[in-house]
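J.:
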Amino acid sequence: GAPNFVIHLAEKAEEVLGVPASRLGVERAIVGGEPGGGIPAIRDKIEKLWGAKCTEMLGGTDLGVTYWAECDRQSGMHMVSMDYIITELLDPDTGKIIPWEEGAKGEMIYTALGRRASPLVRFRSGDFIEVLGTTCPCGRTGPKIRCTGRTDDMLIVRGANVFPSAIHSIVNEMVPETNGVMRVVADFEGHTTQEALKIIVERGPALKPEADPTLKKKIEQRLRDALVFKADVRIVDPDTFEKPGAAKIAFVLRKFPNLP
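Okay, structure coming up:
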């Protein structure tokens, strides 16, 4: 399932079944459909809730089901459909093909080898990925990847490419100071702004509102250091926003919400 849905199921287990999810005998949680399985804080939460190893997958119904999957090393996803799909890495800004090298970043494009009635040639997936390496102790060869986000979700803040999922990752890394919940407010035309990017973050349940100014500065500095953009962070109470559950939650708001 999607990472947030897998967490939601685990949190509902004791209420519905009378036992915690960690006692249900699940040995593996396989997640995909949205970034999260590769974010250490979210992966750790899933593994703790289920008492199971969490690995990530990536694919889509355009060409098949799953074309990338993670081994037990949990160090990135391997291409598992080489006989059926040709995969290339595209620079979405220049349209040039990027070599599969450690540290390379770009949009994945696919050519399906077996489709006849509706062939797909150099199909742009919209998935923006980073190559984490080109070898693995498990013995597989080829690139290992992590999906950073969707190209149609990307925001450009003073010339820096910013993915909401990357901001979410940083906020999750700061639990329990934060609640792991955030929203990006893109209250500007299109996907580009020259202003500081507005971000709303829920404080951790144990923190008092008096700590908000310090937490605000700390989050802004972490975002600047990690993602190279300037943020304007607003701290709000825990549980201000709906928690992810059976449905996906959008990280981006197009107008600033009414907050107390």
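Under the numbering used here, the first residue of the sequence shown is numbered 290, with each subsequent residue one higher.
We treat Cβ as the ideally placed atom computed from N, Cα and C, and that holds for glycine.
The structure displayed is predicted, hence computed values, not measured ones.
Cα separation between LYS505 and ARG523?
T.: 7 Å
J.: Could you check whether GLY353 and TYR373 sit closer than 8 Å to each other, using their CB atoms as the reference points?
T.: yes
J.: So, for VAL295: in the same chain, excluding its five sequence neighbours on each side, which residues have a beta-carbon less than 6 Å away from its beta-carbon?
T.: Result list for VAL295: ALA318, VAL320 and ILE335, in chain order.
J.: Secondary structure at LEU378, three-state DSSP: helix, strand or coil?
T.: strand
J.: When you compare only the Cα positions, how much space is there between VAL410 and ALA495?
T.: 52 Å
J.: To test your reading of the DSSP string, which unbroken beta strand (DSSP E) runs of 3 or more residues are found completely within the region 326–390?
T.: 342–348, 355–359, 366–368 and 374–379
J.: Among GLU484, ALA515 and VAL470, which one has its Cα closest to the Cα of GLY493?
T.: Of the candidates GLU484, ALA515 and VAL470, the one whose C-alpha sits nearest the C-alpha of GLY493 is VAL470.
J.: Would you call VAL308 buried or exposed, if buried means 16 or more other Cβ atoms sit within 10 Å of its Cβ?
T.: exposed
J.: Taking the continuous alpha helix (DSSP H) assigned at VAL305, which residues delimit it?
T.: 292–306
J.: Which residues does DSSP pair with CYS266 in a beta bridge?
T.: This structure does not reach residue 266, given that the chain is present from 290 up to 549, and the question cannot be answered.
J.: When DSSP labels each residue in this structure, what does VAL460 get in the three-state scheme?
T.: helix
J.: Using alpha carbons as the reference points, say which of ALA539, GLU396 and PHE477 lies closest to ASP382.
T.: The shortest Cα separation from ASP382 among ALA539, GLU396 and PHE477 belongs to GLU396.
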